[in-house]
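Enquirer: Residue numbers (the numbering used here), protein chains in the order written: chain A, 539 to 743; chain B, 539 to 743.
From the three backbone atoms N, C-alpha and C, an ideal C-beta is built for every residue, glycine too.
Here it is: the structure, laid out below.
Here is the structure:
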């Protein structure tokens, strides 16, 4: 085993540390966040930090880096309050990753990639048309994580769309059947295969 | 597509809603949290909410449900400040899932599963011996998410161990080679296969 203590991590070359610390926590979710500003400019950005926060009410969270740099997604969400979360399929990873390029806000990632915007049932923010699992969110609050000056954005799930082939009788969505990918570190994309599901765990006698 | 609006989600049967909302955000990390109380009782629990918060300083976060129910992991972390995070391999998913059973604090999940505790380099909390990627953390702070009364625990990475076969020259850990699994919903475990890694994305001309 290679050991890194706190001082060694601190002294690593920046890119090496970014790769190491971003991959050591395990797999991350891969989602495209769709948003729109008050002038109608759309934005699409890959996020790996979308996290389940609760089921009732249905809530998610995600992490943003310091607001010192202009961030189109954050500004849109903060100003208009609505955004969408769209799963990424294996065949779409190259374009999904490209949404992390820094375009000025007048240029939409929907125009620079193969993804097409889709407006569903009056929801204000654009969904990704070919995404088979997607949901619309409303900004609720944000928490400043003072230890490193990041922001946890907290949002409610307002509407959810799931391809019926992946939705099982007990509400569980079989993600490998939907070809939803998962992220390894900053830039690695992996496909998956279900091994097993388990019963609710109870103590052994 | 099957559509669920906010009212429909609210009115779903509880288990159906838990399955649906826990799987709609995409894949989650699979980690065993090791901790110990001041009397030497060890605890091991599967978590799917460990999230990268930052690389410099190296920080992670995870979500806990309301503190109204006694939670051994939280109490240990809050009292002793130290815990470990250990990746789960495909062959270990059954035992990993079993750590979610509610045992009294005097009974260690290390005794009810095949996992063995291991103490490394003077770190106070137990690691999982056969885990090939693992790190030791120190509790820094917690944030009460008032929208649903959950807690975001924020911790620093104090030391990190990575099997050298999975650590690439640029610091990236190849998780599929380590057989690290990923979680689908509350109870599904999936194996993975890397599709590709990409360069830092730059705007197209």
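(1) Can the beta-carbon of residue 726 of chain A be found less than 8 Å from the beta-carbon of residue 567 of chain B?
(2) Would you kindly work out how many angstroms separate the C-alpha atoms of residue 689 of chain B and residue 582 of chain B, rounded to a whole number?
(3) Do the region 550-564 of chain B and the region 692-705 of chain A touch if we need at least three Cβ pairs shorter than 8 Å?
(4) What are the boundary residues of the beta strand (DSSP E) that includes residue 543 of chain B?
(5) Step through the CB atoms of chain A and report whether any lies within less than 8 Å of the CB of residue 587 of chain B.
(6) In the DSSP assignment, what residue or residues form a beta bridge with residue 598 of chain B?
(7) Can you tell me the Cα-Cα spacing of residue 676 of chain B and residue 576 of chain B, whole angstroms?
(8) Closest to residue 547 of chain B by C-alpha separation, out of A/574, A/712 and A/595, would be which residue?
(9) Take the Cβ of residue 540 of chain A as the centre, count every other Cβ of all protein chains shown within 10 Å, and call the residue buried at 16 or more, exposed below.
(10) If we count the other Cβ atoms within 10 Å of its Cβ and call it buried at 16 or more, is residue 722 of chain A buried or exposed?
(11) Just to confirm my understanding: we take residue 610 of chain A, look at its own chain, exclude 5 residues before and 5 after, and list those with CB closer than 7 Å. What are they?
(12) Report yes if the CB atom of residue 636 of chain A is closer than 8 Å to the CB atom of residue 669 of chain A, and no otherwise.
(13) Assign residue 570 of chain A to one of three DSSP states: helix, strand, or coil.
(14) Let me see if you follow: with CB-CB separation under 8 Å, is residue 627 of chain B close to chain A or not?
(15) Please state the DSSP three-state secondary structure of residue 628 of chain A.
(16) DSSP three-state call for residue 687 of chain B: helix, strand or coil?
Expert: The answer reads as follows:
(1) What you label residue 726 of chain A is simply residue 188 of the first chain in a count that begins at 1. What you label residue 567 of chain B is simply residue 29 of the second chain in a count that begins at 1. No, the pair does not count as a contact, with Cβ atoms beyond the cut-off.
(2) Against the second chain, residue 689 of chain B aligns to sequence position 151. Against the second chain, residue 582 of chain B aligns to sequence position 44. About 19 Å.
(3) yes
(4) Looking up residue 543 of chain B in the second chain gives position 5. Counting along the chain, the beta strand (DSSP E) containing residue 543 of chain B begins and ends at 540-543.
(5) Position 49 of the second chain, counting from 1, holds the residue named residue 587 of chain B. Closer than 8 Å to some Cβ of chain A, the Cβ of residue 587 of chain B qualifies, so yes.
(6) The sequence position of residue 598 of chain B within the second chain is 60, counting from 1. Answer is B/590 and B/693.
(7) Taking the second chain and counting its residues from 1, the one referred to as residue 676 of chain B is at position 138. Taking the second chain and counting its residues from 1, the one referred to as residue 576 of chain B is at position 38. Cα to Cα, the separation comes out at about 16 Å.
(8) Position 9 of the second chain, counting from 1, holds the residue named residue 547 of chain B. Closest by alpha carbon: A/595.
(9) Reading the first chain from its first residue, position 2 is the one you call residue 540 of chain A. Looking at its Cβ environment, which holds fewer than 16 other Cβ atoms inside 10 Å, residue 540 of chain A is exposed.
(10) Position 184 of the first chain, counted from the start, is the residue given in the question as residue 722 of chain A. With 16 or more Cβ atoms within 10 Å of its Cβ, residue 722 of chain A is classed as buried.
(11) Here residue 610 of chain A refers to the residue found at position 72 when the first chain is read from its first residue. The residues are 581 and 643.
(12) Counting from 1 along the first chain, the entry for residue 636 of chain A is found at position 98. Counting from 1 along the first chain, the entry for residue 669 of chain A is found at position 131. Going by C-beta atoms, residue 636 of chain A is not nearer than 8 Å to residue 669 of chain A.
(13) Looking up residue 570 of chain A in the first chain gives position 32. Strand at residue 570 of chain A.
(14) The sequence position of residue 627 of chain B within the second chain is 89, counting from 1. Chain A contact via Cβ: absent.
(15) Along the first chain, one-based indexing puts residue 628 of chain A at 90. Reduced to three states, the DSSP call for residue 628 of chain A is helix.
(16) Stepping through the second chain from its first residue, residue 687 of chain B is reached at position 149. When secondary structure is reduced to three states using DSSP, residue 687 of chain B falls in the coil class, being assigned neither helix nor strand.
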